[in-house]
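Enquirer:
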Amino acid sequence: MTIIRVPGVSNLRDVGGIPVGAGRVRAGRLLRSGQLAGLTPAGSALLAGRVQRVVDLRADDEVRAEPSALASVPTTRIPLFLGSTASFFTEDIDLSGMYRHLVDESADRLAQAVRLIAQGVPTLVHCTVGKDRTGVTVALALSAVGADRAAVVADYALTASQLPEARTRAVVEYFRTHLPDSRNAIQLATESPAPVMAALLADIDERYGSAAEYLRAVGMSDAELDALRAFLVE
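Taken in order, the sequence shown gives residues 487 to 720; the numbers are from this note's numbering.
What follows is the structure, encoded as structure tokens:
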């Protein structure tokens, strides 16, 4: 994987290079990031030179608050959470519970997002900070083509170190002030622990057999999964 520095966007990287059996994920095919509202004109030009499609996983209220500044690249919106993301904080759910909710309750939308990646154009997947919705979507796509499990988990875990430090400090202070009794709010907003993603993928394996079988079960065809592998793997 390669961290990419583009003005106005955080947590941006190319997952190319992750091992897949005797091969690897092709560079320049699948990128991931946080929201694109802060892109500068120079940053927009750089990113537009790398990707031909954007998949935005945010909810309507998030898009209204921080609309994308990358107008030159076609964007498909697939809100993974039907309700507000705030509910996870008020219910004090942990990351494992959030991810299980995504896999179970947003299965058709996860399949839609992976299906777009399989259509064969360089694609950027993002949500607000590029951690949870993006993390699960990218991990599923990579796992479905047989990417090395440890490398997939490591890519997810990298996110916490790529979030803007000022944002992380502000988020921690906010939750300590406004949700002092919460056990999970800070983890939900700022952390990407490797064991959480490893456990999610192991749970999918246990319940479905593999990430590819999960995607088949929720609507992807064999032809689409073959196309995903052909596009991502060299």
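No residue lacks a Cβ here, since even glycine has one placed at the ideal position from N, Cα and C.
Quick one: grab the DSSP three-state call for Ile-672.
Expert: As a working mapping, residue 672 is identified with position 186 in the sequence shown. Note: Ile-672 maps to helix in three-state DSSP.
Enquirer: Under a three-way DSSP split, which group does Asp-542 fall into?
Expert: As a first step, residue 542 is located in the sequence shown; it is residue number 56 there, counting from the start. DSSP places Asp-542 in strand when its eight states are reduced to three.
Enquirer: Please identify the residue among Thr-526, Glu-548 and Gly-514 whose C-alpha is closest to the C-alpha of Val-607.
Expert: Taking the first residue of the sequence shown as position 1, residue 607 is located at position 121. Comparing Cα positions, the closest option is Gly-514.
Enquirer: Measure the alpha-carbon distance for Leu-626 versus Val-600 and round it to whole angstroms.
Expert: The residue you call residue 626 lines up with position 140 of the sequence shown. The residue you call residue 600 lines up with position 114 of the sequence shown. Approximately 8 Å between the Cα atoms of the pair.
Enquirer: Beta carbon of Ala-630, beta carbon of Leu-714: below 8 Å?
Expert: Reading the sequence shown from its first residue, position 144 is the one you call residue 630. Reading the sequence shown from its first residue, position 228 is the one you call residue 714. In this structure, Leu-714 lies closer than 8 Å to Ala-630 by Cβ.
Enquirer: Once the 5 residues before and after Leu-498 are set aside, which same chain residues still bring their CB inside 6 Å of it?
Expert: Residue numbering aside, residue 498 sits at position 12 when the sequence shown is read from its first letter. Here the set comprises Ile-490, Val-492 and Ser-519.
Enquirer: I need the straight-line Cα distance from Leu-687 to Ser-696, nearest angstrom please.
Expert: What you label residue 687 is simply residue 201 of the sequence shown in a count that begins at 1. What you label residue 696 is simply residue 210 of the sequence shown in a count that begins at 1. Computed Cα separation, rounded: 8 Å.
Enquirer: By alpha-carbon positions, which one of Met-683, Glu-720, Ala-709 and Leu-718 ends up nearest to Leu-588?
Expert: What you label residue 588 is simply residue 102 of the sequence shown in a count that begins at 1. If we check each option's Cα against that of Leu-588, Met-683 comes out closest.
Enquirer: Distance check for Ser-592 and Val-559, CA to CA, integer angstroms please.
Expert: Taking the sequence shown and counting its residues from 1, the one referred to as residue 559 is at position 73. Taking the sequence shown and counting its residues from 1, the one referred to as residue 592 is at position 106. Those two C-alpha atoms are separated by around 25 Å.
Enquirer: Less than 8 Å between the CB atoms is what I'm expecting for Gly-632 and Val-540, so what's the real figure, rounded?
Expert: Translated into the one-based positions of the sequence shown, residue 632 becomes position 146. Translated into the one-based positions of the sequence shown, residue 540 becomes position 54. That belief does not hold up - the Cβ atoms of Gly-632 and Val-540 are roughly 26 Å apart, past 8 Å.
Enquirer: My output table needs one value for Arg-517: the three-state DSSP class, helix, strand or coil.
Expert: Taking the first residue of the sequence shown as 1, we reach residue 517 at position 31. A small correction: the amino acid at residue 517 is Leu; Arg does not occupy that position in the sequence shown. If DSSP states are grouped into helix, strand and coil, Leu-517 belongs with the strands.
Enquirer: Is any beta-carbon of chain C found at less than 8 Å from that of Thr-614?
Expert: Among the protein chains of the structure shown there is no chain C, as only one such chain exists.
Enquirer: If I'm right that Glu-677 touches Ala-646 with Cβ under 8 Å, what's the distance once you round it to whole angstroms?
Expert: Locating residue 677 in the sequence shown gives position 191, counting from the first residue. Locating residue 646 in the sequence shown gives position 160, counting from the first residue. With a Cβ gap of about 5 Å, Glu-677 and Ala-646 count as contacting.
Enquirer: Along the chain, where does the beta strand (DSSP E) containing Val-611 start, and where does it finish?
Expert: Locating residue 611 in the sequence shown gives position 125, where the first residue counts as 1. Segment 609-612, the beta strand (DSSP E) holding Val-611.
Enquirer: Check this for me: beta carbons of Val-511 and Leu-649, under 8 Å apart or not?
Expert: On the sequence shown, position 25 is the one that residue 511 refers to. On the sequence shown, position 163 is the one that residue 649 refers to. Cβ atoms of Val-511 and Leu-649: not closer than 8 Å.
Enquirer: Go to Thr-562, then tell me how far its beta strand (DSSP E) extends in each direction, as first and last residue.
Expert: Within the sequence shown, numbered from 1, the residue matching residue 562 stands at position 76. That run of the beta strand (DSSP E) goes 561-563.
Enquirer: Taking 8 Å as the threshold (C-beta atoms), are Val-615 and Thr-623 in contact?
Expert: Position 137 of the sequence shown holds residue 623. Position 129 of the sequence shown holds residue 615. No, the Cβ-Cβ distance between Thr-623 and Val-615 is not below 8 Å.
Enquirer: At what residues does the alpha helix (DSSP H) containing Gly-529 begin and finish?
Expert: Within the sequence shown, residue 529 is the residue found at index 43, counting from 1. That run of the alpha helix (DSSP H) goes 527-534.
Enquirer: What number of angstroms, rounded off, separates the C-alpha of Ser-554 from the C-alpha of Glu-651?
Expert: Within the sequence shown, numbered from 1, the residue matching residue 554 stands at position 68. Within the sequence shown, numbered from 1, the residue matching residue 651 stands at position 165. Between Ser-554 and Glu-651, the C-alpha separation is close to 22 Å.
Enquirer: Measure how close the beta-carbons of Ala-643 and Ala-597 come, nearest whole angstrom, since I'm counting them as under 8 Å.
Expert: The count along the sequence shown starts at 1 and reaches residue 643 at position 157. The count along the sequence shown starts at 1 and reaches residue 597 at position 111. Ala-643 to Ala-597, Cβ: 24 Å. No contact.
Enquirer: Go through the stretch 594-666 residue by residue and report every complete run of the beta strand (DSSP E) that reaches 3 residues or more, in order.
Expert: 609-612
Enquirer: If you draw a straight line from the C-alpha of Leu-701 to the C-alpha of Arg-595, how long is it?
Expert: Locating residue 701 in the sequence shown gives position 215, counting from the first residue. Locating residue 595 in the sequence shown gives position 109, counting from the first residue. Going from the Cα of Leu-701 to the Cα of Arg-595 covers about 11 Å.
Enquirer: Between Tyr-585, Asp-712 and Leu-566, which lies nearest to Ile-690 when the distance is taken from Cα to Cα?
Expert: In the sequence shown, residue 690 corresponds to position 204, counting from 1. Answer by Cα proximity: Tyr-585.
Enquirer: Skipping 5 residues on each side, what residues in its chain have a beta carbon closer than 7 Å to that of Ile-564?
Expert: Here the question's residue 564 lines up with position 78 in the sequence shown. Val-541, Leu-543, Arg-595, Gln-598 and Ala-599, listed in sequence order.
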